[in-house]
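>
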Amino acid sequence: MAKIALIGASGNAGARILKELSDRGHLVTGIARHPEKIAALPGVTAVAGDVFDVNGLADILKGHDAVISSVHFLASDPEKLIAAVRASGVVRYLVVGGAGSLEVAPGKRLVDQPDFPAAYHAEASKGAEFLDILRGIDDLDWTFLSPAAMFVPGERTGTFRLGTDQLLVGEGGSSISFEDYAVALVDEIETPKHIRQRFTVGY
Numbered sequence: 001m002a003k004i005a006l007i008g009a010s011g012n013a014g015a016r017i018l019k020e021l022s023d024r025g026h027l028v029t030g031i032a033r034h035p036e037k038i039a040a041l042p043g044v045t046a047v048a049g050d051v052f053d054v055n056g057l058a059d060i061l062k063g064h065d066a067v068i069s070s071v072h073f074l075a076s077d078p079e080k081l082i083a084a085v086r087a088s089g090v091v092r093y094l095v096v097g098g099a100g101s102l103e104v105a106p107g108k109r110l111v112d113q114p115d116f117p118a119a120y121h122a123e124a125s126k127g128a129e130f131l132d133i134l135r136g137i138d139d140l141d142w143t144f145l146s147p148a149a150m151f152v153p154g155e156r157t158g159t160f161r162l163g164t165d166q167l168l169v170g171e172g173g174s175s176i177s178f179e180d181y182a183v184a185l186v187d188e189i190e191t192p193k194h195i196r197q198r199f200t201v202g203y
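Throughout the sequence shown, residue numbering follows UniProt numbering, covering 1 to 203 in sequence.
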C-alpha cells in the first residue's frame, strides 16, 4: 500500500487512475479545482488544489510516496508542477502524457504529421515540451506514460502492449482505454520499470 497524490483526480484519465489505485488498496489524495467532482471511493481523500499555486500544491503533496499529474497540458504549467513536486520532497513523479510526441518513424513525431488533427495540435505540442523538460531532470524519479493515439473510455481488460518512444498500432488502429491506461500506470507505481523514461501503452 502506497500513499499517492493524484493531481487532476476528476478528469477522464484521472478518475480511472483514482479508481484503479483505490481498488488496489492504495491511499489516495485526490486533488482538483472542484474536489466535489472527485469520486468518493475507499481510501480516497478529496482536496482542493490549484496547479498554478506552487507553494499551496507543495504543501498538499508533502508526505506522499508518489505524485501523479493528470492534467491538460494547456491548463497547467510544467515548470510550476515540477517546482511543486520538488518543494514537497516527493521524489517519484508520474505524468499522464500525450501521444503526439511518439514517433511514427525514426525521428518523425506523430504531432508533426500533416494529417494530425489541428484541434489537438497545441495540446500535443505542449505535452511534447513537458517531456523535453523532464528529460533534463535528474533529481526526480519521473516517468511519462504516453497513451496510444486514441485515448478513450472503454473497458478494463488488463491486456495491452507496452512500448518506448514509438506509437503502438494494433489491428484496430492505435488506441487504449482510459481504464487499461490506468492499469499500466498503477503497475508502474507498484513495480517501477521506467524511471526517468517515457513509455507508452496501447493495444
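Think of the CB as a built atom: it goes at the ideal place given N, C-alpha and C, for glycine as much as any other residue.
Using the three-state DSSP reduction, which class does glycine 25 fall into: helix, strand or coil?
Coil at glycine 25, not helix or strand.
> Around the Cβ of lysine 62, are there at least 16 other Cβ atoms within 10 angstroms (buried) or fewer (exposed)?
So lysine 62 counts as exposed.
> Quick check on DSSP: helix, strand or coil for arginine 198?
It is a strand residue.
> Is it the case that the stretch 142-160 contacts the stretch 173-182, given that we only count it when at least three CB pairs across the two stretches are under 8 Å?
Yes, the stretch 173-182 touches the stretch 142-160.
> Around the C-beta of leucine 74, are 16 or more other C-beta atoms found within 10 angstroms, so that it is buried, or is it exposed?
Exposed.
> With distances taken Cα to Cα, identify the nearest neighbour of aspartate 141 among Gly89, Pro147 and Pro42.
The shortest Cα separation from aspartate 141 among Gly89, Pro147 and Pro42 belongs to Gly89.
> Within the continuous beta strand (DSSP E) that includes lysine 3, where are the two ends?
From DSSP, the beta strand (DSSP E) with lysine 3 extends over 3-7.
> Would you mind stating whether alanine 9 and leucine 18 have Cβ atoms separated by less than 7 Å?
Yes, the pair counts as a contact, with Cβ atoms nearer than the cut-off.
> So what's glycine 173 in DSSP terms, helix, strand or just coil?
If DSSP states are grouped into helix, strand and coil, glycine 173 belongs with the strands.
> Where does arginine 92 fall in DSSP's three states?
In the structure shown, arginine 92 sits in a strand (DSSP, three-state: E or B).
> Comparing alpha-carbon positions, which option in Arg198, Gly202 and Tyr203 lies nearest valine 95?
It is Arg198.
> So is glutamate 188 buried or exposed if we call it buried at 16+ other beta carbons inside 10 Å?
Answer is buried; the Cβ neighbour count reaches 16.
> DSSP on valine 183, reduced to helix/strand/coil?
DSSP places valine 183 in helix when its eight states are reduced to three.
> Which residue wins for smallest C-alpha separation from arginine 13, given the options Pro114, Ala118, Ile68 and Ala119?
Here residue 13 is alanine; the residue named in the question, arginine, does not match the sequence. Alanine 13 has its Cα closest to that of Ile68, out of Pro114, Ala118, Ile68 and Ala119.
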